[in-house]
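Colleague: Following this message is one structure expressed as structure tokens.
Protein chains in written order, with my numbering: chain X, 1 to 441; chain G, 442 to 831.
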């Protein structure tokens, strides 16, 4: 899905590895073995569930459900990577998601129609609500970031305070009662058959992805030649291009094999006068659901910020060695503050997905997200020592964790069992990673 | 390094907890005018100070219905209502009870945070000659009056409504938090009493999600939603159709409705309990079949009446309460013996829950429930909607 970011050439390679062994051959392609290993792990998990369920698990509908369920946590995990890389932590994300989700719900059910005079027909209500939510997220994130970066209170404490107090605010906003009935357009953010981009757009998106992969590969090669960096062998470039494109097209085809439920198709057909039902029923591909598209966009933007922008490089520099970064003239405080603002914005996006999925908000939306998000980032290879972590890794981490939860749920394993497995996998994943790093150094 | 953080964390949590619990209970919202009328029957409560210790006033229910029920009954008879909120902390509740006693409480109504941790407070009250009412939650002490809704009957009402609507077919069971005895024992016991187990044994009903159903951590709506999505996917993959969904309460039922909506599955009959506004709205919209409603206005009223009589010196065994016939205890208006899980026998009033379907939505509206007609009928087409929304 997000191969664009993975396959982007890593610059600064000193010597081309010797072409003597399989290890050497793989090294020449410069594939990130960590990410590749995680993809493999994800594949193994899906395959195992598929076998256990007698081939019923690995189907488009189920995989789309899984992706939608993972998207909220994955969106926040992309930001958590930067926070952890810069040696901080954010425990307040779950509560922030809760308060923003409740804000969306109150905006659309109460404040907009009753106070602001924006009835159900007011144009772009969903966008205004989303904008206000993102603003609120940035504000709260900025406030926490300011206390952490400029006043110097440890992030653990500041965001722990946030976790408790922001959750309390949710109660005061709602008096504890659930709110439902969001704007129909806003609900689309949550996915479902109508909340998907449809077959055609999915193919177009896949095509754009393919072209982007090829362009990035060509561009990388040109840049390397220009600066006299060692080039990847041509066979490796071609292989990456072909595999990348094939993966993108396969995912798109898989998503398009997910069809609208017949009942819904029949209802819409009757409403919009599509004519008689064709032989074998309506075959309308749903394609990618909106939350997945949102996640894709967030991942690309965040990966670009982290690896291509000065801000991102500063974050990694600070995480690697705070003193050196400071002495090198980086405005470290401003950089840290920005990571928390970013976190607030991502929480607002995740809150939009969560509340749209629920068509409202309850008191407990987002509860324990902080744990899932941190787990996703850490399983995705982010190191608590700082300076190390990748955004596609965190997204994959979120998918690994959610595939376990969804798969166990699918197999009828109850939540205590799910928690046991999730906890063990978290420890194994990080333990394996630590072992590998120690051996590598 | 990490342990230092941990110490700081514990410290910060303690400071916060202390800060939260020092705040006093907010004054009640004006609701439940019905409570006042019944109070007249008790009468003569001048000088009666009723002290109420809430374990967690943050839950909306207490402020919305229980407190007005008690307060209006007590005040209408000329008594005085005082209260404190323990904010989920056992020790705080012990201190609260002390301070209620020192403020001159003649009767205590305790919503215990923990049925055993509260015992020192009960002992203190006994020593001072103050009668104690265990409100909504049991206290393991023979001297108390236990006043609650019948949780087994809630489960029974949920299952009875669904079994009547869908006598045979594929059922999904959505349960609450596995650590809550209501979720794991009482409600399922009610389901079985209503005939679920017999029908499963005879093969009339098949449970799609395992024999025990699916538990929902902390009764979380989001968790119920993702569990239900997986169950729908599994049912579709197996070629099974879901005919009915037994959900234990409203927060989980809300998650089920969200999952059904996302999957465009339609809305098979679904149960719940609590009478939450969003769920009663779903009943009106046809997305939830039954919501078993515990009219806690009546529970508050009953507590107020019992407190006034205890103040006047009536013995617990001679108490008599007047509540709406819809919640009337099966044992009548006098206390009956209740054997606790700890094998204590206490006197009790156990009120009956009310199943609310689209046909009986007028019940909560007429009773002055905190879910108003506007809440319940939101988005309902008056022409085709239930009678209560016309």
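For each residue, glycine too, the CB sits at the ideal point set by N, CA and C.
Note that the coordinates shown come from a computational prediction; the quantities given were computed from them, not determined experimentally.
Using 10 angstroms around the beta-carbon of residue 735 of chain G, count the other beta-carbons present and answer buried if the total reaches 16, otherwise exposed.
Modeller: Translated into the one-based positions of the second chain, residue 735 of chain G becomes position 294. That one is buried.
Colleague: Can you find a CB in chain G that lies within less than 9 Å of the CB of residue 69 of chain X?
Modeller: The residue given as residue 69 of chain X occupies position 69 in the first chain. Cβ-Cβ to chain G under 9 Å: yes for residue 69 of chain X.
Colleague: Just to confirm the assignment, what range does the alpha helix (DSSP H) spanning residue 340 of chain X have?
Modeller: To locate residue 340 of chain X, count along the first chain from 1; it is residue 340. Taken as a continuous stretch (DSSP letters only), the alpha helix (DSSP H) holding residue 340 of chain X covers 332 to 358.
Colleague: If you scan the stretch 562 to 607 of chain G from start to end, which runs of the beta strand (DSSP E) of 3 or more residues do you find wholly inside it?
Modeller: DSSP runs (the beta strand (DSSP E)) wholly in the stretch 562 to 607 of chain G: 573 to 576 and 586 to 590.
Colleague: So within the stretch 707 to 785 of chain G, which uninterrupted beta strand (DSSP E) runs reach at least 3 residues, ignoring any that extend past its ends?
Modeller: Within the stretch 707 to 785 of chain G, the complete beta strand (DSSP E) runs of at least 3 residues are 732 to 734 and 777 to 780.
Colleague: Alpha carbon to alpha carbon, what distance is there between residue 564 of chain G and residue 786 of chain G?
Modeller: For the purposes of this step, residue 786 of chain G is taken as the residue at position 345 of the second chain. For the purposes of this step, residue 564 of chain G is taken as the residue at position 123 of the second chain. Looking at the two C-alpha atoms, the distance is approximately 17 Å.
Colleague: Going by the CB atoms, is the gap between residue 662 of chain G and residue 362 of chain X shorter than 9 Å?
Modeller: In the first chain, the residue the question calls residue 362 of chain X occupies position 362. In the second chain, the residue the question calls residue 662 of chain G occupies position 221. Yes; because the gap between Cβ atoms is below 9 Å, this pair is in contact.
Colleague: Nearest to residue 554 of chain G by alpha carbon, out of G:542, G:566 and G:581?
Modeller: Here residue 554 of chain G is taken as the residue at index 113 of the second chain, counted from 1. The residue with the shortest Cα to Cα distance from residue 554 of chain G is G:581.
Colleague: Keeping to the same chain, check which residues put their C-beta closer than 6 Å to that of residue 637 of chain G; ignore five residues upstream and five downstream.
Modeller: Reading the second chain from its first residue, position 196 is the one you call residue 637 of chain G. Closer than 6 Å at Cβ, skipping near neighbours: 600.
Colleague: Based on the DSSP output, what are the partners of residue 615 of chain G in its beta bridges?
Modeller: Translated into the one-based positions of the second chain, residue 615 of chain G becomes position 174. DSSP lists G:655 and G:688 as partners of residue 615 of chain G.
Colleague: Determine whether the beta carbon atoms of residue 584 of chain G and residue 537 of chain G lie at a separation below 9 Å.
Modeller: As a first step, residue 584 of chain G is located in the second chain; it is residue number 143 there, counting from the start. As a first step, residue 537 of chain G is located in the second chain; it is residue number 96 there, counting from the start. Cβ atoms of residue 584 of chain G and residue 537 of chain G: not closer than 9 Å.
Colleague: With distances taken between CB atoms, is the gap from residue 711 of chain G to residue 681 of chain G smaller than 9 Å?
Modeller: Residue numbering aside, residue 711 of chain G sits at position 270 when the second chain is read from its first letter. Residue numbering aside, residue 681 of chain G sits at position 240 when the second chain is read from its first letter. Contact: no.
Colleague: Excluding the five sequence neighbours on either side, which residues of its own chain have a C-beta within less than 8 Å of the C-beta of residue 501 of chain G, listed in chain order?
Modeller: Here the question's residue 501 of chain G lines up with position 60 in the second chain. Contacts found: 811.
Colleague: Can you give me the C-alpha to C-alpha distance between residue 738 of chain G and residue 509 of chain G, rounded to a whole angstrom?
Modeller: Taking the second chain and counting its residues from 1, the one referred to as residue 738 of chain G is at position 297. Taking the second chain and counting its residues from 1, the one referred to as residue 509 of chain G is at position 68. If I take the Cα positions, the gap works out to 7 Å.
Colleague: Less than 6 Å between C-beta atoms, sequence neighbours within five positions excluded: which residues of the same chain meet that for residue 647 of chain G?
Modeller: Counted from its first residue, the second chain places residue 647 of chain G at position 206. Closer than 6 Å at Cβ, skipping near neighbours: 611.
Colleague: Rounding to the nearest angstrom, what Cα-Cα distance links residue 761 of chain G and residue 804 of chain G in this structure?
Modeller: Along the second chain, one-based indexing puts residue 761 of chain G at 320. Along the second chain, one-based indexing puts residue 804 of chain G at 363. The alpha-carbon atoms of residue 761 of chain G and residue 804 of chain G are separated by roughly 24 Å.
Colleague: Out of curiosity, what's the CA-to-CA distance linking residue 64 of chain X and residue 621 of chain G?
Modeller: Locating residue 64 of chain X in the first chain gives position 64, counting from the first residue. Locating residue 621 of chain G in the second chain gives position 180, counting from the first residue. If I take the Cα positions, the gap works out to 33 Å.
Colleague: Residues of chain X with a CB under 8 Å from the CB of residue 500 of chain G: which are they?
Modeller: Along the second chain, read from residue 1 onward, the residue named residue 500 of chain G stands at position 59. Simply 176.
Colleague: If distances are taken between C-alpha atoms only, which option among X:393, X:368, X:367 and X:364 comes closest to residue 378 of chain X?
Modeller: As a working mapping, residue 378 of chain X is identified with position 378 in the first chain. Among X:393, X:368, X:367 and X:364, the Cα nearest to that of residue 378 of chain X belongs to X:393.
Colleague: When Cβ atoms are compared, which residues of the stretch 59 to 92 of chain X fall closer than 7 Å to chain G?
Modeller: Cβ contacts with chain G come from 59, 61, 62, 65 and 69.
Colleague: Say whether the stretch 414 to 422 of chain X touches the stretch 651 to 662 of chain G, bearing in mind that this needs 3 or more beta-carbon pairs closer than 8 Å, one atom from each stretch.
Modeller: Yes: at least three Cβ pairs fall under 8 Å.
Colleague: Figure out for me which residue from X:82, X:39 and X:60 has the closest Cα to the Cα of residue 320 of chain X.
Modeller: Indexing the first chain from 1 puts residue 320 of chain X at position 320. Selected option, being the one with the closest Cα: X:82.
Colleague: Could you give the DSSP three-state label for residue 227 of chain X: helix, strand or coil?
Modeller: Position 227 of the first chain, counted from the first residue, corresponds to residue 227 of chain X. Residue 227 of chain X falls in the coil class under three-state DSSP.
Colleague: Hey, how far is the Cα of residue 180 of chain X from the Cα of residue 721 of chain G?
Modeller: Mapped onto the first chain, residue 180 of chain X falls at position 180. Mapped onto the second chain, residue 721 of chain G falls at position 280. If I take the Cα positions, the gap works out to 12 Å.
Colleague: Quick one: grab the DSSP three-state call for residue 519 of chain G.
Modeller: Residue 519 of chain G sits at position 78 when you count from the first residue of the second chain. Residue 519 of chain G: coil per DSSP, three-state reduction.
Colleague: Check the C-beta distance from residue 375 of chain X over to residue 401 of chain X and give it rounded, since I have them as a contact under 8 Å.
Modeller: Taking the first chain and counting its residues from 1, the one referred to as residue 375 of chain X is at position 375. Taking the first chain and counting its residues from 1, the one referred to as residue 401 of chain X is at position 401. With 8 Å as the limit, residue 375 of chain X and residue 401 of chain X qualify as a contact, their Cβ atoms being about 6 Å apart.
Colleague: What residues in its chain sit with their C-beta under 6 Å from that of residue 234 of chain X, if we drop five residues either side in the sequence?
Modeller: Numbered from 1 along the first chain, position 234 holds the residue referred to as residue 234 of chain X. Counting only Cβ-Cβ distances below 6 Å, and skipping sequence neighbours, we find nothing.
Colleague: Using 8 Å as the cut-off, can you tell me whether the stretch 789 to 799 of chain G makes contact with the stretch 769 to 777 of chain G, which would need three or more C-beta pairs spanning the two stretches below that distance?
Modeller: Taking 8 Å as the limit for Cβ pairs, the verdict is that the stretch 769 to 777 of chain G does touch the stretch 789 to 799 of chain G.
Colleague: Between residue 760 of chain G and chain X, is any beta-carbon pair separated by less than 9 Å?
Modeller: As a position in the second chain, residue 760 of chain G is number 319, starting the count at 1. It does not: the Cβ of residue 760 of chain G has no partner Cβ on chain X nearer than 9 Å.
Colleague: Taking buried to mean at least 16 other C-beta atoms within 10 Å of its own C-beta, is residue 675 of chain G buried or exposed?
Modeller: If you number the second chain from 1, residue 675 of chain G lands on position 234. The residue in question, residue 675 of chain G, is buried, as its Cβ has 16 or more Cβ neighbours within 10 Å.
Colleague: Output the distance between the C-alpha atoms of residue 71 of chain X and residue 349 of chain X, rounded to the nearest integer angstrom.
Modeller: For this step, residue 71 of chain X is matched to residue 71 along the first chain. For this step, residue 349 of chain X is matched to residue 349 along the first chain. Spanning the two alpha carbons is a distance of roughly 10 Å.
Colleague: Could you give the DSSP three-state label for residue 377 of chain X: helix, strand or coil?
Modeller: Start at 1 with the first residue of the first chain, and residue 377 of chain X comes out as number 377. Of the three classes helix, strand and coil, the one that applies to residue 377 of chain X here is helix, per DSSP.
Colleague: Would you list the one or two residues that DSSP bridges to residue 795 of chain G?
Modeller: On the second chain, residue 795 of chain G is found 354 positions in, with the first residue counted as 1. According to DSSP, residue 795 of chain G bridges with G:734.
Colleague: Does any residue of chain G have a CB that is nearer than 9 Å to the CB of residue 53 of chain X?
Modeller: Locating residue 53 of chain X in the first chain gives position 53, counting from the first residue. With 9 Å as the cut-off, residue 53 of chain X counts as an interface residue toward chain G.
Colleague: Could you name the residues of the stretch 365 to 383 of chain X whose beta carbon sits closer than 7 Å to any beta carbon of chain G, in the order they occur along the chain?
Modeller: Answer set for the stretch 365 to 383 of chain X: 365 and 367.
Colleague: Is the shortest distance between the beta-carbon of residue 542 of chain G and the beta-carbons of chain X less than 9 Å?
Modeller: Taking the second chain and counting its residues from 1, one reaches residue 542 of chain G at position 101. No, because no Cβ of chain X sits closer than 9 Å to the Cβ of residue 542 of chain G.
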